[in-house]
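Below is one structure, written out as structure tokens; comments come after it.
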Amino acid sequence: MVIRLRVWGLALALCTAVAGPVVVGCKAAVTVDEPWPSGLAKPADVAEASALRASGMVWTDRQVRQFYLERVALIAGQDQQARTEGESAEARARAAYQLRHDARMTARAMMADQEAVKGLEARDRVKYSNPDGPTFEYLVERARAKGLEGDAVFESIVASAQQTNEATNQSLGL
59 MVIRLRVWGL ALALCTAVAG PVVVGCKAAV TVDEPWPSGL AKPADVAEAS
109 ALRASGMVWT DRQVRQFYLE RVALIAGQDQ QARTEGESAE ARARAAYQLR
159 HDARMTARAM MADQEAVKGL EARDRVKYSN PDGPTFEYLV ERARAKGLEG
209 DAVFESIVAS AQQTNEATNQ SLGL
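Take the sequence shown: its letters are residues 59 to 232, numbered as in this note's numbering.
Here it is as structure tokens:
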């Protein structure tokens, strides 16, 4: 019973680490100043993370969160570059969404505790009707339901893609 509660507690603590844009209780992405451990792989994508984990690579929960935060932190620079190049708000929102989604999915693939991953997927099924978090269309619909129109819809997606859960960050010492 204690182990099961701990697994679910961990899943809930990590959920915003890999689940998707969360607005309540969030702030801009945290900058992680801690160096990545020498010799510890940083996977490029889900396939690489899965292959590394299958070969015995193990990341701590803190390292998975650090990886995730570093990926989310890239969104601001990517968005600024796209803005400078004259990309539309929708194109920038799609790019920000994709980077966040890819970070979420890669982080989940890095997680050693697959029961926690199942917990995150169950949470996402309930919250977004999708085990992999919100779809871009879901985020557009949610923004419109809040009364946003036009480019404001897409700007809100760019902004939310850069937000992380402060409580989760602090729980892992980041």
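Note that CB positions come from ideal geometry on N, CA and C, so glycine has one too.
Select from the options the residue whose C-alpha is nearest the C-alpha of residue i.
i	options	result
GLY231	GLY114, ARG123, VAL116	ARG123
GLN221	ILE133, ALA210, LYS185	ILE133
GLU128	ARG202, PRO93, SER113, ALA153	PRO93
THR226	ARG120, VAL184, GLU195	ARG120
Starting from residue i, trace the alpha helix (DSSP H) in both directions and tell me its first and last residue.
i	result
THR222	Careful: THR222 lies outside any alpha helix (DSSP H), inside the beta strand (DSSP E) at 221 to 223.
SER108	104 to 112
GLU199	194 to 203
MET163	147 to 168
THR142	119 to 142
GLY177	172 to 186
Measuring CB to CB, does residue i end up less than 8 angstroms from residue j?
i	j	result
ASP137	VAL198	no
ARG162	ARG150	no
ALA109	PHE212	no
VAL130	ARG158	yes
Quick one: what's got a C-beta closer than 6 angstroms to residue i's C-beta in the same chain, skipping five residues either side?
i	result
ALA107	PRO101, THR164, ALA167, MET168
LEU98	none
Who are the Cβ neighbours of residue i in its own chain at under 7 angstroms, not counting the five residues just before and after it?
i	result
VAL116	ALA170
PRO95	none
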